[in-house]
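Quick note, the sequence shown lines up with residues 1271 to 1381 if you use my numbering. Below is one structure, written out as structure tokens; the observations come after it.
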Amino acid sequence: MTFVTRLTLQSGDRAALDAIVDDIKSTAERKGAALKGPHSHPPQKHSVPQHCRLHADDERRFSSWSYTVFTRELEIHGHDNLARNIASQNFPDSVHIEAEVEQIRGAGQSN
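Here it is as structure tokens:
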């Protein structure tokens, strides 16, 4: 049985995101882990309206707050300890990470 750990990293700080992805890549290469990615997604642009007051009848607004979110995906095949160590690292507050683990059974293996 092999485990595939899919890491999804998101941030509004592209430089910080790319630095962390490069660090993960170099760590995986040093340990000899099979790594796929990083796969980049198109940047997502978000816009959030800002009201001047909390009253429902007040229509005054500040200009909208706009920001961009960058996403990278990586897959680590096998090397469960490496994947666990990477997923449990302390990342900067500007970077959000999600880890998804999938168990892959080889051909001919039963439950």
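Quick reminder that beta carbons are idealized off the backbone N, C-alpha and C, glycines included.
By the 16-neighbour rule on beta-carbons within 10 angstroms, Ile-1374 is exposed.
Counting other Cβ atoms within 10 Å of its Cβ, His-1349 reaches 16 or more and is therefore classed as buried. Secondary structure at Ser-1296: helix, using DSSP grouped into helix, strand and coil. Checking the DSSP bridge columns, you'll see Ile-1374 partnered with Thr-1272.
Under the three-state reduction of DSSP, Leu-1324 is assigned to coil, being neither helix nor strand.
Counted as a single uninterrupted DSSP element, the stretch harbouring Arg-1331 is not any alpha helix (DSSP H) but the beta strand (DSSP E) occupying residues 1331-1347.
In the DSSP assignment, Gln-1280 is bridged to Thr-1341 and His-1366.
Per DSSP, Ala-1357 is one residue of the alpha helix (DSSP H) stretching across 1350-1357. When the beta-carbon positions are compared, Val-1371 and Ile-1290 stay at least 7 Å from each other. Around Arg-1276, the same chain offers Glu-1345 and Glu-1370 as residues with beta carbons nearer than 6 Å, after the five sequence neighbours per side are excluded. When the Cα atoms are used, Pro-1362 and Ile-1294 turn out to be separated by approximately 14 Å.
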